[in-house]
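Below you'll find the structure, written out as structure tokens, and then a few comments.
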Amino acid sequence: GAVVSQHPSWVICKSGTSVKIECRSLDFQATTMFWYRQFPKQSLMLMATSNEGSKATYEQGVEKDKFLINHASLTLSTLTVTSAHPEDSSFYICSARDASGGEETQYFGPGTRLLVL
Amino acid sequence: GESVGLHLPTLSVQEGDNSIINCAYSNSASDYFIWYKQESGKGPQFIIDIRSNMDKRQGQRVTVLLNKTVKHLSLQIAATQPGDSAVYFCAENRWGNNRLAFGKGNQVVVIP
């Protein structure tokens with residue numbers, strides 16, 4: 617149980633284009649999902665908290681108009697990197713919390729590697 | 003704050019030996035702690051967690067110790083195997099919100 621998937625696993629795009637990354641909880645419902653980015657040899661940096669049915673909460677310094685988050689259902693959150701630039705190249709990881717039973721553990725997806733040319 | 007720098011602390015351990023990975027946290031109000039394992043190119047994988055009302059918890063080949071007095075967390079891996087080679091992150095859940103704060107990470111290299 618507690619499996620989280622991401623799609624795509626990797627993507628290469630041209631500068632200026634937009635890229636959408638999907639995060640799904642496969643066997644549980646997640647009212648809250650989280651989006652992180654990770655640079656090589658560094659820790660995970662929380663970008664935003666995605667809440668089902670309401671607006672995402674962004675961390676300080678993260679541009680909400682650049683990183684659009686939509687949490688349309690209890691099993692799906694999407695992150696869209698708009699007008700991507702080379703500095704947006706990174707490893708993007710989502711996590712989901714199984715809210716049933718009051719669990720706090722976050723389960724992570726396999727990550728999406730983005731390369732912007 | 004978040005991790006800085008490009009060099010992760012590295013622990014090299016002989017296969018079969020025990021490994022101990024340490025983590026210091028800063029917020030005395032944190033009440034939930036988790037260890038994650040991250041293999042290259044993959045997302046973090048949950049290993050074990052502990053709440054602040056405990057000081058020790060054991061899983062399969064892993065033990066987490068929590069010392070709230072000095073705000074220190076450790077992960078012990080018994081009989082380390084090649085498959086344990088990865089980066090290990092501690093994470094804390096800060097009281098009052100649901101956001102995890104990750105530590106800097108420790109690279110474990112298992113020598114066959």
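These protein sequence lines map, in sequence, to chains A and B.
Using my numbering, the letters of the first sequence correspond one by one to residues 617 to 733.
Using my numbering, the letters of the second sequence correspond one by one to residues 3 to 114.
Ideal Cβ positions, reconstructed from N, Cα and C, are used throughout, including at glycine.
Cβ of residue i within 8 Å of any chain A Cβ
| i | result |
| --- | --- |
| P114 (chain B) | no |
| G61 (chain B) | no |
| I23 (chain B) | no |
| L67 (chain B) | no |
| Y90 (chain B) | no |
| F35 (chain B) | no |
| S5 (chain B) | In this prediction, S5 (chain B) scores a pLDDT of 40, lower than 50, which makes its location untrustworthy; the coordinate-derived value is nonetheless stated afterwards. Answer yes: the Cβ-Cβ gap between S5 (chain B) and chain A drops below 8 Å somewhere. |
| G45 (chain B) | yes |
| L77 (chain B) | no |
| L13 (chain B) | no |
| D19 (chain B) | no |
| D86 (chain B) | no |
| D51 (chain B) | yes |
Distance, residue j Cα to residue i Cα
| i | j | result |
| --- | --- | --- |
| P656 (chain A) | S42 (chain B) | 10 Å |
| C25 (chain B) | V620 (chain A) | 26 Å |
| S87 (chain B) | A80 (chain B) | 13 Å |
| S14 (chain B) | Q40 (chain B) | 16 Å |
| G3 (chain B) | R653 (chain A) | Low local confidence applies: a pLDDT of 36 at G3 (chain B) is under 50, so the model's placement there is unreliable, with the coordinate-based value given in what follows. Approximately 15 Å between the Cα atoms of the pair. |
| G7 (chain B) | Q658 (chain A) | Per-residue confidence for G7 (chain B) stands at a pLDDT of 45, beneath the threshold of 50, marking its modelled position as unreliable; the derived number appears in the next sentence. Roughly 7 Å separates the two Cα atoms. |
| I709 (chain A) | Q622 (chain A) | 8 Å |
| A618 (chain A) | E703 (chain A) | 32 Å |
| L660 (chain A) | F104 (chain B) | 6 Å |
| N55 (chain B) | A31 (chain B) | 12 Å |
| V1 (chain B) | T12 (chain B) | Residue 1 (chain B) lies beyond the range of chain B shown here (3 to 114); nothing can be said about it. |
| A93 (chain B) | F48 (chain B) | 10 Å |
| L692 (chain A) | Q16 (chain B) | 42 Å |
| L730 (chain A) | K636 (chain A) | 10 Å |
| I113 (chain B) | K58 (chain B) | 28 Å |
| I50 (chain B) | V64 (chain B) | 8 Å |
| N95 (chain B) | L102 (chain B) | 5 Å |
| W611 (chain A) | F35 (chain B) | No answer is possible for residue 611 (chain A): it lies beyond the span of chain A, which begins at 617 and ends at 733. |
Minimum Cβ-Cβ distance from residue i to chain B less than 8 Å
| i | result |
| --- | --- |
| L730 (chain A) | no |
| I709 (chain A) | yes |
| F724 (chain A) | yes |
| S621 (chain A) | no |
| T648 (chain A) | yes |
| T696 (chain A) | no |
| S659 (chain A) | yes |
| G727 (chain A) | yes |
| T691 (chain A) | no |
| E720 (chain A) | yes |
Check: Using a Cβ cut-off of 7 Å, which residues of the stretch 92-107 of chain B contact any Cβ in chain A, in chain order?
Finding: N95, N100, R101, L102, F104, G105, K106 and G107
Next item on the list: Report the residues of the stretch 661-684 of chain A with a CB closer than 7 Å to any CB of chain B, ordered along the chain.
Entry: M661, L662 and T665
Notebook entry, point to check: Unbroken beta strand (DSSP E) runs of length 3 or more, entirely within the stretch 58-86 of chain B: which are they?
Noted result: 58-60, 64-69 and 74-79
Check: Is there contact here, the stretch 698-705 of chain A with the stretch 631-648 of chain A, by at least three beta-carbon pairs under 8 Å?
Finding: yes
Margin query: Counting beta carbon pairs with one atom in the stretch 718-729 of chain A and one in the stretch 61-79 of chain B, are three or more of them shorter than 8 Å?
Written below: no
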